[in-house]
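Below you'll find the structure, written out as structure tokens, and then a few comments.
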Amino acid sequence: MQFVSVKNLLNMTNPDQMDYMVQQRYENGDYCKEIDAHRVVYSQIKCCTFGGNDTYIYLVEEQALCEYNMTVCSPVACGLMQHDEFISKALTNMKEDERITLVKSVKDMFYHAYNGYMTHAFPHGDLQPLTCRGSEFELGRLPMLTLIDTLDTLAVLENATEFQRAVKLVVENVDYDLDIPVSVFETTIRVLGGLLSAHLFALNTDLKLFPEGEYDDALLRLAVDLADRLMPAFNTTTGIPYGTVNLRRGVPENETLIASTAGAGSLSVEFTMLSVLTGEPKYAAASRGAVRALFQRRSVFGLLGKHINTHSGQWTESTSGPGSNSDSFYEYLLKMYELFGDRESLEMFMQVYPSVLAHNRHGDWYADVSMHTGCLNGLKRIVFESLAAFWPGVQVAVGDLNGAAESMNSFYRVWRDYGFLPEQFAVRDWKPVKSRYPLRPELIESTLYMHEATNDSSWLRAGAHVVQSLQEYAKTSCGYASIGDIERKKQEDYMPSFFLSETCKYLYLLFNTTHFFRRGNYVLTTEAHPFPILPTKLVAPILRAADAQVSSNKVVYGNRFSPERVMRCEIPKFYDFIDYSVYYKGKFVERTSRCSPRLQSPVSVQQDIKPATEKIATTALHDTKSTTTEMEMRSRLRKESRTR
844 MQFVSVKNLL
854 NMTNPDQMDY
864 MVQQRYENGD
874 YCKEIDAHRV
884 VYSQIKCCTF
894 GGNDTYIYLV
904 EEQALCEYNM
914 TVCSPVACGL
924 MQHDEFISKA
934 LTNMKEDERI
944 TLVKSVKDMF
954 YHAYNGYMTH
964 AFPHGDLQPL
974 TCRGSEFELG
984 RLPMLTLIDT
994 LDTLAVLENA
1004 TEFQRAVKLV
1014 VENVDYDLDI
1024 PVSVFETTIR
1034 VLGGLLSAHL
1044 FALNTDLKLF
1054 PEGEYDDALL
1064 RLAVDLADRL
1074 MPAFNTTTGI
1084 PYGTVNLRRG
1094 VPENETLIAS
1104 TAGAGSLSVE
1114 FTMLSVLTGE
1124 PKYAAASRGA
1134 VRALFQRRSV
1144 FGLLGKHINT
1154 HSGQWTESTS
1164 GPGSNSDSFY
1174 EYLLKMYELF
1184 GDRESLEMFM
1194 QVYPSVLAHN
1204 RHGDWYADVS
1214 MHTGCLNGLK
1224 RIVFESLAAF
1234 WPGVQVAVGD
1244 LNGAAESMNS
1254 FYRVWRDYGF
1264 LPEQFAVRDW
1274 KPVKSRYPLR
1284 PELIESTLYM
1294 HEATNDSSWL
1304 RAGAHVVQSL
1314 QEYAKTSCGY
1324 ASIGDIERKK
1334 QEDYMPSFFL
1344 SETCKYLYLL
1354 FNTTHFFRRG
1364 NYVLTTEAHP
1374 FPILPTKLVA
1384 PILRAADAQV
1394 SSNKVVYGNR
1404 FSPERVMRCE
1414 IPKFYDFIDY
1424 SVYYKGKFVE
1434 RTSRCSPRLQ
1444 SPVSVQQDIK
1454 PATEKIATTA
1464 LHDTKSTTTE
1474 MEMRSRLRKE
1484 SRTR
């Protein structure tokens, strides 16, 4: 027997027969004389986690005379191509020993990259993993950037010895009185967030990362010094900060007036935490004022642009979407409520969230639209950005698990076909537009949240494929390299600090299902720095004091939002709703742009899904007819609400 890949799918006369078919070739023919009947084969699809994207026959056993059990290794069983007909035979549950093996694999991945940085690059900002030497981050030549960004990953790994050593290196060697320009956004999320998170871990008496009495708040003092050097960025007529400051001289004389929505509106979590820890409300006041200023300038459709003039308040780029230059703005509206109970941020989130779903979502994908029309720009094609892969994680947080699973399965289908998720991907053409993969964490971030919400181990399968791709294509002798071209798997001599801070951390927390983080007492920043949920009595006075410092504290919310629109708690599996087209009432229906004539909603369409794609057709060598076995879907869709 052999598995044959079916080519040129669009020209196939039988649309039911897609991607793979089994051809049975019996040495003694299809007819079994001993039983006076045709030979029979029962096929079972098996997920071979580290078997790559190949489909191959794993084992054939003759269970009875002329009756065979055939086990096939295929990514369909891991969820990467899975549809209705495979569900009842697919192995989706991950055994405990396999999960533990993956935990160890991710730890080894982290330490390989971390030790490579410390050996070959420290105290430089970043590691060049091909030449094994140090380099500086282009948006701010800050020393020890990777180490500071990684401090709390050592804490998450509960490595007290290395955590203490790393903190000592930072405290004894870092000085931010530097005559250099830095990105306010990147410095905040990577460095300020890293210092604050490590400070809070050092204080944690349960983890015992520091012996009692040996930590003296040194990281917090560094954080205060750094934040004070960033504060001049907020001196604009709108309160929307500049994008760059010089750590010694303040805002550069020739600094552009243009700032991105994400860069200006994603500082609130770190700055508010600093206010809570110091009792000084000015940091929270400045960062939350910037968020208000951006939100007040949303369009009538509830959409925000991607770049704005910090003095005039006019949008200079009216493109709107949850991808690049705006992604973490949406994320932080929700996380400000999760972490600090900030009702105002929740009110803002409840306005922009349904706007994104109504205008930016096209089928399972998210694409940029005009903030003024809500319609696709330019060529009117759907181009997905990998940065938007964080969005399903937001959907999980508000209970829209079904919508999150739809998108994540489509994203993972790209991963299956190309090995990684490219920076930009043209959905209709099914090919990369920008072919880089700089070790980004957003898809695995959403996978972690989905598994946390559902406890469904099929999502661990998804994460296993990320590990496999990284080990196979990105690993070098001293670290892990960004992929410059996912089609050719060409490596780049660059390992961003967020690979250790985010990608490895999300993977470790995904597979380590008993980790203390899973108890739900932490909120991860956009750089995956864990912040603990602090008592209300510490937070509420700071929010009130910060509001008092803002001259204009009125926010116009517009039409009220109904939570019932998104609070759905069906539990989908990893393999559900993988494609961007569905089989509806006898024909394929492609999900269309919101600015096109509306088809029946995806929720309604799903109720009529019939098995139609990616079936295994069993064809006898001496028989002109082919038969297709269809299996009914067994996805678990039980409703449950999740409270914290």
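Residue numbers for the sequence shown, in the working numbering: 844 to 1487. Cβ coordinates follow ideal geometry from the N, Cα and C atoms, glycine included. Remember, predicted model here, so these are calculated numbers, not experimental data.
Taking just the CA atoms, how far does glutamate 1015 sit from glycine 1093? 25 Å
Which whole-angstrom value describes the C-beta separation of arginine 942 and leucine 1303, a residue pair presumed to lie in contact below a C-beta threshold of 8 Å? 6 Å
Give the DSSP-derived three-state secondary structure of aspartate 1390 in the structure shown. helix
From threonine 989 to threonine 1030, what distance separates their C-alpha atoms? 12 Å
Counterpart residues of valine 1366 in DSSP-defined beta bridges: Phe1374
Can you tell me whether cysteine 1347 is helix, strand or coil according to DSSP? helix
On the CB-based measure, 16 or more other CB atoms within 10 Å of its CB, does glutamine 971 come out buried or exposed? buried
Using CA coordinates, which residue listed in Leu1046, Lys1051 and Phe1268 is at the minimum distance from aspartate 1211? Phe1268
Considering only their Cβ atoms, is the gap separating leucine 1177 from serine 1167 smaller than 9 Å? no
9 Å Cβ cutoff met for phenylalanine 1114 and leucine 1052: no
So, at 8 Å on beta carbons, what are the nonlocal neighbours of isoleucine 1101 in its own chain, with the 5 sequence-adjacent residues on each side left out? Gly1086, His1150, Ile1151, Asn1152, Thr1153 and Thr1159
Indicate the three-state DSSP secondary structure (helix, strand or coil) for tyrosine 1418 in the structure shown. Below a pLDDT of 50, predicted positions are generally treated as unreliable, and tyrosine 1418, at 37, falls in that range; the measurement from the model is reported next regardless. Tyrosine 1418 falls in the coil class under three-state DSSP.
From Val884, Leu1147, Glu1266 and Met1193, pick the residue whose C-alpha is nearest to that of asparagine 1203; which is it? Leu1147
Could you tell me how far apart the beta carbons of alanine 1045 and valine 1010 are, in whole angstroms, since I believe they sit closer than 8 Å? 7 Å
Taking the alpha carbon of threonine 1346 as the point to measure from, which residue in Ser1325, Gln1334 and Leu973 has its own alpha carbon closest? Ser1325
Compute the beta-carbon to beta-carbon distance between phenylalanine 1233 and serine 1289, rounded to the nearest angstrom, for a pair I have assumed lies under 8 Å. 6 Å
Should leucine 997 go down as buried or exposed, given a rule of 16 or more other Cβ atoms within 10 Å for buried? buried
With a cut-off of 8 Å on the beta carbons, I'd call valine 1366 and leucine 1230 a contact; round off their distance for me. Not really, about 20 Å apart at Cβ, beyond 8 Å.
Using CA atoms only, rank isn't needed, just tell me which of Ala1383, Ile1385, Ala1391 and Ala1371 is closest to alanine 1041. Ala1371
Could you give the C-beta distance for leucine 1038 and isoleucine 991, rounded to a whole number, given that I count them as a contact under 8 Å? 6 Å
Please classify glutamate 1174 as buried or exposed, where buried requires at least 16 other C-beta atoms within 10 Å of its C-beta. buried
CA-CA distance, methionine 952 and threonine 1357? 20 Å
Straight-line gap, lysine 1332 to tyrosine 1316 (C-alpha atoms, nearest Å): 7 Å
Status (buried if at least 16 other CB within 10 Å, exposed otherwise) for arginine 976: exposed
Neighbourhood of methionine 1074 by C-beta distance below 7 Å, restricted to the same chain and skipping five residues each side: Ala1129
Within a Cβ cutoff of 7 Å, which residues of the same chain sit near leucine 1381, ignoring the five residues on either side of it in sequence? Val1119
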